[in-house]
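Residues in the sequence shown are numbered consecutively from 1, following the UniProt record's numbering.
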Amino acid sequence: MEQIKQRIDNYFLSKKHATLFKPCKDTLESKAMQGGCFCGNIRYEIGDGEYLVANCHCTMCRKTSAAPFVTWVVVPTESFRYIQGSAKLLQSSDKGRRYFCEECGTPLVFLAEERPTVIDITTGSLDDPERYIPTKDVHEESRLKWLHLNND
């Protein structure tokens, strides 16, 4: 697990990805958690670990969620598993793949091509999203001008 955390840290701290969020001391110490879609057809589980939590303001996240931004929990791919049903693929761009419930449309996860060791999970699909407080904002250059966050 420590090796995975180090790879995540190295990725986000690299100059190439300086515009993305970076791990911080405020990462979440978590126990196993579950989540799923609105209609209940899809359920997933995430193992114990430290997770990054960030708001993404990119246009693609806004459009695919129909929301002003999306809050993501970033976990190692091996810590994630479906326990019921399976999500449908939306190849939103050459940068990554998004998965959602085909029945109710709930956006669930994002897999970035350049970050194959981690998976981004929508906090809104978690059973207890209140536990996962974002510590970063990414793609702020795309943020809606009328949106004011706590750090403004």
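Even glycine gets a Cβ: it sits at the ideal position worked out from N, Cα and C. Computed from a predicted structure; not experimentally measured.
**Item:** Which listed residue (P68, I46, L89 and A54) has its alpha carbon closest to that of E102
**Value:** L89
**Request:** Indicate whether the contact test is met: 3 or more Cβ pairs, each with one atom in the region 80–88 and one in the region 63–70, closer than 8 Å.
**Result:** no
**Alpha-carbon to alpha-carbon, G40 and H139** = 31 Å
**Message:** Please give the ranges of any alpha helix (DSSP H) in the region 27–71, keeping only runs that are unbroken, at least 4 residues long and fully inside the region.
**Reply:** 59–65
**Item:** Whole-angstrom distance between E130 and G96, CA atom to CA atom
**Value:** 27 Å
**Request:** Please work out which residues of its chain come closer than 7 Å, Cβ to Cβ, to C56, disregarding the five sequence neighbours upstream and downstream, and give them in chain order.
**Result:** F69, V70, W72, V138 and H139
**Message:** I need the boundaries of the beta strand (DSSP E) containing A112, first residue and last residue.
**Reply:** P107 to A112
**Request:** Find the nearest neighbour of R115 within the set H148, P76, Y44 and P134, judged by alpha-carbon distance.
**Result:** P76
**Prompt:** Does the beta-carbon of C37 have 16 or more other beta-carbons within 10 angstroms, so that it is buried, or is it exposed?
**Reply:** buried
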